[in-house]
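Encoded as structure tokens, the structure appears first; notes follow it.
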Amino acid sequence: MPPANGGAPAGPSSGGRHGPPAATAAPKRNRPRCNLISPHRDHAFTQQQLPACKPILAPNMVIPILVFVGLLFIPIGLACYAASNKVFEVVYRYDTKCVPKNMLHNKVGYIQNASINKTCVINLKIPNAMKRPIFVYYQLDRFYQNHRRYATSFNIAQLGDPKEEVNPYIKDCKPEAYAGNGSPVVPCGLVAWSLFNDTYSFARRPSGGGGGGEALRVIKSGISWRSERERLFGKHVYPKNFQNGTLVGGGRLDPRKPLSEQEELMVWMRTAAMPRFRKLYGRVEADLGAGETVAVAVRNRYNSYSFEGAKAVVLSTAGPLGGRNPFLGRAYLVTGMACLVLALLLTIVCLFFPMKEEHLQLR
């Protein structure tokens, strides 16, 4: 009688003493496939048997963690907020103040008319004592440097190597890729073409009023990153055919200085992520007292009126965390307080609705 499972009969062989060997049992069909890398054995990764941590988040473990995070984040947030409050800054918007009253209805015509004097003087009242160094920023609003077409309109190879003045990727710089005679523009692209070109000069106002005063020197060296000066912008790359077209976008560059020394260009080409941004203009190595007045002579040349943007000059000190920015401290405080509130709510829930026996067995 044949076996019930349809296999070969029991015994040393099924074909007699000199017959063929007995057929081996067929492999089980529910056996998982072998690993392709090591086909002779199954791998722990394919069998999902790698070591893993699978904690069961019980209240007696979650509540202490929330309390610990809350008690840790709140002091950090208070420290960050206090450090931010120690930074003093003065912001003055001048894009409208520097336009003559008879040209307020035609601001674009005013900024494009080269025959009109663009210099104006504004007075900054210093509310708190500001210790050196005092950083000078220019602030722009409604300027979208994060626009895809604008942010990609430059050629990074051209900035660092004089042999890359013309390369296959210079086409990304259009319409500021080639001059009218067909020679390449260095640096090419809309980012460099729109270089900010307003200038500022500062002087202390005498305590009794009137004109004159002590001039404050603005240092513009060292405002860029060292990696930009040493790696990104080449020491043997000089501006060529820059702002030579019929439409001038912004500032001009000194053709006698290599790009590695044009730090204002480096700061500007580090595109901002938000439509309101500040960029470093320079620093003043002098102390300013509380109540002191600083006269700022602004040469208002940058055309922010075409896109209804705003311009401002900023004087700011610096703290351990940089400039004035209370967001980091507020974020830590909100997160810490949220953790404490959640810990309190979980404690109340556990007191009124304790865990059942079947829930405890899951641990």
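Counting from 1, one number per residue, gives the positions in the sequence shown under full-length UniProt numbering. For glycine and all other residues, C-beta sits at the position ideal for the given N, C-alpha and C.
If we ignore side chains and look at the alpha-carbon of each, how far apart do residue i and residue j end up?
i: Gly109; j: Tyr302; result: 13 Å
i: Phe88; j: Ser306; result: 32 Å
i: Pro51; j: Arg132; result: 56 Å
i: Glu214; j: Ala129; result: 17 Å
i: Ala272; j: Phe45; result: 44 Å
i: Asn181; j: Phe202; result: 41 Å
i: Val248; j: Glu292; result: 38 Å
i: Ile111; j: Glu176; result: 22 Å
i: Lys107; j: Pro100; result: 9 Å
i: Ala58; j: Arg324; result: 41 Å
i: Val90; j: Arg278; result: 13 Å
i: Ala331; j: Ala79; result: 12 Å
i: Gly6; j: Ile56; result: Residue confidence is low: Gly6 scores 46 on pLDDT, short of 50, so the model does not pin down where it sits. Its coordinate-derived value is still stated next. Near 48 Å, if we compare the C-alpha coordinates of Ile56 and Gly6.
Please say whether residue j and residue i have beta carbons closer to each other than 8 Å?
i: Leu190; j: Gly250; result: no
i: Gly329; j: Tyr81; result: yes
i: Val186; j: Pro239; result: yes
i: Leu140; j: Ser304; result: yes
i: Ala312; j: Arg148; result: no
i: Leu315; j: Ile134; result: yes
i: Thr119; j: Ala297; result: yes
i: Arg299; j: Thr199; result: yes
i: Ala290; j: Ile126; result: yes
Quick one: is residue i buried, meaning 16 or more other Cβ sit within 10 Å of its Cβ, or exposed?
i: Met61; result: exposed
i: Ile116; result: exposed
i: Phe233; result: buried
i: Asn102; result: exposed
i: Ala192; result: buried
i: Asn167; result: exposed
i: Gln145; result: buried
i: Cys53; result: exposed
i: Asn123; result: exposed
i: Ala343; result: buried
i: Phe143; result: buried
i: Leu345; result: exposed
Counting contacts by CB-CB distance shorter than 8 Å, is residue i in contact with chain B?
i: Val267; result: You won't find chain B in this structure, because it holds only one protein chain.
TODO: Enumerate, from N- to C-terminal direction, the unbroken alpha helix (DSSP H) stretches of 4 or more residues contained entirely within the region 244 to 271.
DONE: 263 to 269
Task: Runs of beta strand (DSSP E) wholly within the region 125 to 202 (minimum 3 residues, chain order) - done: 134 to 141
Task: Stretch pair the region 213 to 230 + the region 254 to 269: three plus CB contacts closer than 8 Å - done: yes
TODO: May I have a chain-ordered list of the beta strand (DSSP E) segments no shorter than 3 residues that lie completely inside the region 43 to 100?
DONE: Every beta strand (DSSP E) of 3 residues or more that sits fully in the region 43 to 100 is shown, in chain order, as 89 to 93.
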